[in-house]
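From first to last, the protein sequence lines stand for chains C and D.
Heads up: the first sequence at position 245 corresponds to 752 in this note's numbering, and the numbers run straight through without jumps.
Heads up: the second sequence at position 206 corresponds to 713 in this note's numbering, and the numbers run straight through without jumps.
Even for Gly, the Cβ is constructed at its ideal location relative to N, Cα and C.
Protein chains: 2
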Amino acid sequence: MPARDMEDVTVGLVGLGTVGTGVAKLLTEHADRIARRAGKRVRWKWAAVRDPRKARDVSLDGVRVTTDPMEVARDPEVSILVETMGGIDQAAEVVLAALDSGKHVVTANKAMLAERGREVFDRARRAHRAVAFEASVGGGIPIVQAIGVSLAANQVQGLAAILNGTCNFILTKMTMEGLPYAEALAQAQSLGYAEADPTLDVDGTDTAHKLVVLAQLAFGANVVTSDIRRRGIDRLDLADLTYAGELGYAVKLLAVARLSEEGLDLRVAPTLVKKGTPLAEVRGPYNAVRVVGDAVGDVFFYGRGAGMMATASAVVGDLIDVVTGRALITSRVLNPWGDADHPVARTPSNRLRRRYYLRFHIADRPGVIAALTQVLGAHGISIASVIQHDSGDDAPADSPVPLVIMTHLAVEFEVEAALKEIDRLDVSHAPSVLLAVED
Amino acid sequence: MPARDMEDVTVGLVGLGTVGTGVAKLLTEHADRIARRAGKRVRWKWAAVRDPRKARDVSLDGVRVTTDPMEVARDPEVSILVETMGGIDQAAEVVLAALDSGKHVVTANKAMLAERGREVFDRARRAHRAVAFEASVGGGIPIVQAIGVSLAANQVQGLAAILNGTCNFILTKMTMEGLPYAEALAQAQSLGYAEADPTLDVDGTDTAHKLVVLAQLAFGANVVTSDIRRRGIDRLDLADLTYAGELGYAVKLLAVARLSEEGLDLRVAPTLVKKGTPLAEVRGPYNAVRVVGDAVGDVFFYGRGAGMMATASAVVGDLIDVVTGRALITSRVLNPWGDADHPVARTPSNRLRRRYYLRFHIADRPGVIAALTQVLGAHGISIASVIQHDSGDDAPADSPVPLVIMTHLAVEFEVEAALKEIDRLDVSHAPSVLLAVED
């Protein structure tokens, strides 16, 4: 049917930053395409913005502009509220108000979902409304739909994902160009890949928010951000990227979820990934997710994890899904943040077995390596490979040198205990470095 | 709600080969999981098989077994028919009969969709029933849902995909182990990656069927298999894989779709892909799809393209989608094989510009390269790089030697004309080889 004879559906857009502007562009520039695929014409009625006088990259002709998002949330004419404002509590209040007044919600907001998802989905369930959130994780990569719908025949057994483009850009720069962290970060900032205050990106918080969303989808785990062991890239030393490279690994900020008989392990940390595997080859600001399902095996998704149009693609995809009625079915059946049938226990750290990369800074004299490997051996940690470069004849005797060890599978709890012990030895200088390997 | 209090939905399974058996395993071994995600209990009533006495890898307790698929298609108690029988016309008749009797259909059958998809979707539309076909392309990779639903905000502008695991396994063996085609094929057969008669895989027909399905989804192009320029891997010479490797490329059997202002170009052919890019690194029996959308940019999907459980994952995912009601909405809104609003013209070959790999077999004497490059120049083809290895002082004078040329962007029509001209020169021995480069 020609798009112009279709029924209308009225949409309010809350937040006109990068992603919101991308959504607005798609709505205005591709209205016919969206109507054809949604089965209704989308009428964009509202834009809630912080500064109504700011020059915009998109035409607001015929759109009502407000600085009060609640005005949009309460307008009975609006059927779908699109939340691209970011932040946590104010966004949650807007979304809850929208649901209360009978609107469906499309959101790109992982922080809000990670912190207040349970409340939001509870409200949506009671209001019989949909909350769609494809854009909250992985930008344009359709990973929410994949895990929530397409792979529904599977029990997901593991996830390993690069979910923060800023961090991946910085790590790529450090690896490829041998830049120290601070310089790579400065480049990311000057290119617009990192914000002036990059804390939430580089300390792993953003990645942890996204892992909460994915873990909720894949495991119904009812976790919050603080449940996730998290380490960022902000204290990563270029030397470790170099040694990892010598051992055949790239270092990536990975979000990892692993389901085993012992429970669920969730973590965010710089992690060694074997070169030549798909995750290791993800460069620059891209995102990627590897999902392991019990039927499908490995599936890998890769794409732009951020940016105006890639994220807008996910938001408008969700909007179409809401208009067609599919998203409401998904919200009802999938019931994310509902009462999980099987709440998942966390894997105790004395049951976690992985391979580890260790770097010590030790005195270069006889017997030191023996002392150190004895501690490792006492904790049941066996060594797969070692790097110690000749410090040269010119180096002062007894000066500290780095020693890099790759372990075989070892119990995390034991590895951490061994490192504490080694750090107390008088031959050990500076705290040891510990990075996990993702196999 | 506990799965046991749920409503039932009755399913008939037609075809109990590899994929059908995988579906049966999921239905029997994970009935609770499927019920929870579908919102109804799936009752597996029928199995239509070729040989009812054959020993099966799955229990048929409580399942009615028939050798007549039509018995399943016509049983009014069955709401969903799952077609995993393969073949074209008999499968189409079963699917049409099922739709006529008010059933939804889940199919894994790309050949049937490629040849008779229009008829099947026309019937589904009139019967108000869903046809779900995730498993028809890319095995466990959720590419149909991704293009049809998740990326709906985009106009897909291009696709490049490895869709046949057998061919990719053979090419990987040839490249990695330097095996000639026939030996790599024999290994694929002995490992169960290739059938006794591998024709439809190695001549590119299977890949072309899958490209028809993807092109239909992405472009509503109403193409049939015979519209697609198709070349298989069965006449591929190991030498070309080796030279491509020297130039920094892997050779993959690619399905390629490109939309431009000139129209739509669809083809299946062994194609050079730059090493280090995701498609080039797809090894063994895996499949992968790169989609370029006008909003999302590049998105890349990778996973097991075939095999019992990976494909069954897609079939059961579709089954869940049908039971929840989503698939019916998708069938109605997406309307694949419907009357495309904008039927797409094919790109004329004098408008297609790509880079090409050429291999000539020429007499090794003065003036030959000049003669050959003159012909190329006359057709507006400029040369980016050349490989000619020293044939050694022991080689008989005037013996033919290979000359490999990588062109800059060139018009396909002109390249083909130049090759014909060169093959007619008396210094040229054996027909020249032409492979496109996918950038």
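Those residues which DSSP pairs with residue i across a bridge
{"i": "Ser892(C)", "result": "Met913(C)"}
{"i": "Arg853(D)", "result": "Leu771(D)"}
{"i": "Gly624(D)", "result": "Gly624(D) pairs with nothing; no bridge assigned."}
{"i": "Ala555(D)", "result": "Val521(D), Thr573(D)"}
{"i": "Ala943(C)", "result": "Thr778(C), Tyr863(C)"}
{"i": "Arg765(C)", "result": "Gly665(C), Asp772(C)"}
{"i": "Arg548(D)", "result": "Asp515(D)"}
{"i": "Lys759(C)", "result": "Thr778(C)"}
CB-CB length for residue i against residue j, believed under 8 angstroms
{"i": "Ala621(C)", "j": "Thr749(C)", "result": "With 8 angstroms as the limit, Ala621(C) and Thr749(C) do not qualify as a contact, their Cβ atoms being about 34 angstroms apart."}
{"i": "His611(C)", "j": "Val911(C)", "result": "Actually they are not in contact, since the Cβ atoms of His611(C) and Val911(C) sit about 53 angstroms apart, beyond 8 angstroms."}
{"i": "Ala691(C)", "j": "Leu761(C)", "result": "18 angstroms between Cβ atoms; not a contact."}
{"i": "Val918(C)", "j": "Asn842(C)", "result": "Not quite, the Cβ-Cβ distance comes to about 36 angstroms (not below 8 angstroms), so this is no contact."}
{"i": "Ala631(C)", "j": "Val613(C)", "result": "With 8 angstroms as the limit, Ala631(C) and Val613(C) do not qualify as a contact, their Cβ atoms being about 12 angstroms apart."}
{"i": "Ala925(D)", "j": "His868(D)", "result": "That pair is no contact at about 15 angstroms."}
{"i": "Thr778(C)", "j": "Val763(C)", "result": "7 angstroms"}
{"i": "Val934(D)", "j": "Ala870(D)", "result": "4 angstroms"}
{"i": "His936(C)", "j": "Pro907(C)", "result": "4 angstroms"}
Distance CB(residue i)-CB(residue j) smaller than 8 angstroms
{"i": "Val780(D)", "j": "Tyr756(D)", "result": "yes"}
{"i": "Arg563(C)", "j": "Asp747(C)", "result": "no"}
{"i": "Glu584(C)", "j": "Val601(C)", "result": "no"}
{"i": "Trp844(C)", "j": "Gly645(C)", "result": "no"}
{"i": "Ala878(C)", "j": "Leu932(C)", "result": "yes"}
{"i": "Arg862(C)", "j": "Leu916(C)", "result": "yes"}
{"i": "Asn675(D)", "j": "Val572(D)", "result": "no"}
{"i": "Ile595(D)", "j": "Val823(D)", "result": "no"}
{"i": "Gly818(D)", "j": "Ala615(D)", "result": "A small fix is needed here, since residue 818(D) is Thr in this sequence, not Gly. Yes, Cβ-Cβ distance for Thr818(D) and Ala615(D) is below 8 angstroms."}
{"i": "Ala634(D)", "j": "Gly609(D)", "result": "yes"}
{"i": "Leu678(C)", "j": "Thr714(C)", "result": "no"}
{"i": "Ile654(D)", "j": "Val799(D)", "result": "no"}
{"i": "Arg737(D)", "j": "Gly770(D)", "result": "no"}
{"i": "Ser820(C)", "j": "Val803(D)", "result": "yes"}
{"i": "Ala776(C)", "j": "Pro792(C)", "result": "no"}
{"i": "Met577(D)", "j": "Arg548(D)", "result": "no"}
{"i": "Ile587(C)", "j": "Val656(C)", "result": "no"}
{"i": "Thr525(D)", "j": "Met815(D)", "result": "yes"}
{"i": "Met592(C)", "j": "Val521(C)", "result": "yes"}
{"i": "Gly672(D)", "j": "Asn794(D)", "result": "yes"}
{"i": "Leu745(D)", "j": "Met681(D)", "result": "yes"}
{"i": "Thr914(C)", "j": "Ile894(C)", "result": "no"}
{"i": "Ala555(D)", "j": "Asp568(D)", "result": "no"}
{"i": "Ala637(C)", "j": "Thr831(C)", "result": "no"}
{"i": "Val518(C)", "j": "Arg550(C)", "result": "yes"}
{"i": "Ala953(C)", "j": "Ile827(D)", "result": "Missing from the structure shown is residue 953(C); chain C here goes from 508 to 946 and no further."}
{"i": "Ile650(C)", "j": "Val530(C)", "result": "no"}
For residue i, the first and last residue of its enclosing alpha helix (DSSP H)
{"i": "Glu600(D)", "result": "596-607"}
{"i": "Gly522(D)", "result": "No alpha helix (DSSP H) holds Gly522(D); DSSP gives it neither H nor E."}
{"i": "Phe807(C)", "result": "Note, Phe807(C): premise wrong, no alpha helix (DSSP H); beta strand (DSSP E) at 804-811."}
{"i": "Glu921(C)", "result": "919-931"}
{"i": "Val589(C)", "result": "Taken as a continuous stretch (DSSP letters only), Val589(C) belongs to no alpha helix (DSSP H), being part of the beta strand (DSSP E) at 587-590."}
{"i": "Thr837(D)", "result": "833-841"}
{"i": "Gly884(C)", "result": "875-885"}
{"i": "Ala538(D)", "result": "538-545"}
{"i": "Glu753(C)", "result": "745-753"}
C-beta neighbour in chain A for residue i, strict 8 angstroms
{"i": "Gly800(D)", "result": "In the structure shown, chain A does not exist; the protein chains are C and D."}
Boundaries (first-last residue) of the beta strand (DSSP E) holding residue i
{"i": "Ala794(C)", "result": "It should be noted that the sequence gives Asn, not Ala, for residue 794(C). Residues 793-800."}
{"i": "His868(D)", "result": "860-870"}
{"i": "Thr732(D)", "result": "Thr732(D) -> no beta strand (DSSP E), and no H or E assigned at all."}
{"i": "Thr614(C)", "result": "611-614"}
Proximity test, residue i beta-carbon vs the ligand MG heavy atom, cut-off 7 angstroms
{"i": "Phe726(D)", "result": "In terms of ligand content, the structure shown is empty, and the ligand MG therefore cannot be addressed."}
Contiguous beta strand (DSSP E) assignments of at least 3 residues, all confined to the stretch 663-739 of chain D: 663-669
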